[in-house]
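Enquirer:
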Amino acid sequence: MEDAEQLAILLRAIGDPSRLRLLHALEQGELTVSEMTEVTGLS
1 MEDAEQLAIL LRAIGDPSRL RLLHALEQGE LTVSEMTEVT GLS
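Each residue of the sequence shown is one higher than the last, beginning at 1 in the working numbering.
1. Could you have a look at residue 43 and say whether DSSP puts it in helix, strand or coil?
2. Looking at the unbroken alpha helix (DSSP H) that takes in residue 3, where does it start and where does it end?
3. Cutting at 7 Å between CB atoms, please list the residues of its own chain near residue 11, excluding the five before and the five after it.
4. Can you tell me whether DSSP reads residue 31 as helix, strand or coil?
5. Can you tell which of 3, 29 and 25 has the C-alpha that lies nearest to the C-alpha of residue 41?
In structure tokens form, the structure reads like this:
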């Protein structure tokens, strides 16, 4: 049961579209804070 709870926490964390865009961008390499805000649309 603990594994299922940990997985649920992880999936909630990456379920946000902004976080997914950021993770995808970071796969390509390092980003500055300015680049991260541009990718996510957040400030």
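Beta carbons are placed, not taken as given, at the ideal position from N, Cα and C, and that holds for glycine. Predicted model, so just to flag it, every value in this text is computed and none were measured.
Expert: Reading off the structure:
1. Coil at residue 43, not helix or strand.
2. Segment 2-14, the alpha helix (DSSP H) holding residue 3.
3. Counting only Cβ-Cβ distances below 7 Å, and skipping sequence neighbours, we find nothing.
4. Of the three classes helix, strand and coil, the one that applies to residue 31 here is coil, per DSSP.
5. The option with the nearest alpha carbon to residue 41 is 25.
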